[in-house]
Every structure is written in C-alpha cells, then in structure tokens.
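Student: Residue numbers (UniProt numbering): 1 to 108.
What follows is the structure, given as structure tokens:
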C-alpha cells in the first residue's frame, strides 16, 4: 500500500495512557486510523491494501496530535524495524508536545 507523507500534515500517536509530552523514541504516523489502532496496545496488527486495519488490542485508547512543527530527518525518522509499508511508522528523535484529541472507541 502506498502511504504519502504530507509536508505540514498532522502527525498522530495512539496510547492507552494520558500525558502531555511524547517521549523520544516514540512512534508517530500521519495515518490516523493506525494511531487509533495502536492506542489499544495490540500484540497483533495488520492491514489490507484498501487500508482496512485489523488488530487484537483490548486496552482503552487515546489519540494524540503532535502539537508542534515536525521536520523529517531531524525530529523524526522512518522506523528501521517496521514490518509495515514505507511511511507508515516514524520514530521521534526528541520529546514532542502533544494535544489530546480524545478517547478512541472501544476496540470490541
């Protein structure tokens, strides 16, 4: 599946915890549904070519938006061990401010 990165686009992080700053080394993505799926802390996650995501996560989830400008290559880099398509997952090089979007619907 082809995943395009939008310069100046919104970056997301999904978690089962509440916080105001994302730690360095955390995973972020511009694919909102992927961040929502990761918020449920699945041990298995995959997606089809049409973008349909499936996972086994059961945790209560929260969706965050990165609340400051991001520069690829400086602030973030491609996840080197990702099994997903290019541009699906990035890791952060430094702590980043986040804004809580809200609670993600129950995965059941």
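Using N, Cα and C, we set each Cβ at its ideal position, and we do this for glycine too.
Being a predicted model, the structure only gives us computed values, none of them experimental.
Alpha carbon to alpha carbon, what distance is there between residue 79 and residue 58?
Tutor: Their Cα atoms are separated by approximately 24 Å.
Student: Which runs of the alpha helix (DSSP H), 4 residues or longer, sit entirely within the segment 30–108?
Tutor: Segments of the alpha helix (DSSP H) lying fully in the segment 30–108: 32–38.
Student: Give the range of the beta strand (DSSP E) segment to which residue 26 is assigned.
Tutor: Note, residue 26: premise wrong, no beta strand (DSSP E); not H, not E.
Student: Kindly indicate which residue of 43, 42, 4 and 20 has the alpha-carbon position closest to the one of residue 31.
Tutor: Comparing Cα-Cα distances from residue 31 to each of 43, 42, 4 and 20, the minimum goes to 4.
Student: In chain order, what residues of the same chain lie with their CB nearer than 8 Å to the CB of residue 102, ignoring the 5 residues before and after it?
Tutor: If we look at residue 102 and ignore the five residues flanking it on each side, its Cβ neighbours are 62 and 63.
Student: Taking the beta strand (DSSP E) that residue 14 belongs to, which residues open and close that run?
Tutor: Residues 12–15.
Student: With 16 other CB atoms within 10 Å as the buried threshold, where does residue 105 fall?
Tutor: The residue is exposed, with fewer than 16 neighbouring Cβ atoms inside 10 Å.
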